[in-house]
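Accompanying notes for the structure given below.
In the working numbering, the protein residues as written are 744 to 912.
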């Protein structure tokens with residue numbers, strides 16, 4: 744039996760986004776208990792040329808929703824920017840989970856063979872098969888940003904570990 748594109752994508756995104764929400768909850772508690780201004784964590788970077796925590800969370804959500812949408816042949820949702828608080832980021836995660844959870848698994852059928860066009864009509868236009876898009880591009884990008892968010896929090900003293908990163912599975 745083969746693994747469906749839906750099974751290889753949506754449940755993985757859901758597990759990790761729920762875990763990311765848990766990481767942010769622990770970070771908010773950490774900031775409150777230690778009287779740290781939340782913005783200090785939300786704007787923390789591992790290096791000056793890297794995105795801060797808030798942007799890492801936004802991008803992880805964007806990849807989860809855009810990859811799922813493209814594989815399902817649905818419109819990629821647009822989210823307002825401006826996630827400035829932990830509550831805003833939790834809301835972004837919840838909206839992403841609601842969107843990807845609402846996609847019918849049947850819409851993913853055949854997407855492994857479907858050609859996707861990324862950045863159409865631009866000099867960076869790229870055509871890629873659905874399976875390669877998910878496995879070689881979408882999932883690695885998503886995991887990079889979730890991992891970087893975890894690393895930022897751990898580096899800033901939030902008491903989290905591998906179990907927190909993985910979430911329930």
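The beta carbon of each residue, even a glycine, is placed where N, CA and C say it ideally should be.
Check whether residue i and residue j have beta carbons under 7 angstroms apart
i, j, result
"residue 903", "residue 769", "yes"
"residue 840", "residue 752", "no"
"residue 891", "residue 833", "no"
"residue 846", "residue 811", "yes"
"residue 781", "residue 787", "no"
"residue 758", "residue 912", "yes"
"residue 863", "residue 842", "no"
"residue 803", "residue 885", "yes"
"residue 900", "residue 836", "no"
C-alpha gap between residue i and residue j, whole angstroms
i, j, result
"residue 858", "residue 880", "14 angstroms"
"residue 860", "residue 868", "7 angstroms"
"residue 889", "residue 827", "18 angstroms"
"residue 729", "residue 776", "Nothing about residue 729 can be reported from this structure: the residues present for the chain run from 744 to 912 only."
"residue 838", "residue 822", "9 angstroms"
"residue 893", "residue 844", "23 angstroms"
For residue i, the residue or residues it bridges with in DSSP
i, result
"residue 861", "869"
Residue i (DSSP reduced to helix, strand or coil)
i, result
"residue 798", "helix"
"residue 814", "helix"
"residue 771", "helix"
"residue 893", "helix"
"residue 884", "helix"
For residue j and residue i, believed in contact at Cβ under 8 angstroms, the rounded distance
i, j, result
"residue 807", "residue 760", "6 angstroms"
"residue 796", "residue 784", "6 angstroms"
"residue 851", "residue 745", "Not quite, the Cβ-Cβ distance comes to about 12 angstroms (not below 8 angstroms), so this is no contact."
"residue 909", "residue 750", "About 18 angstroms separates the two Cβ atoms, so there is no contact after all."
Near the ligand FMN: residue i beta-carbon under 6 angstroms from a heavy atom
i, result
"residue 858", "Absent from the structure shown: the ligand FMN. Ligands present: none."
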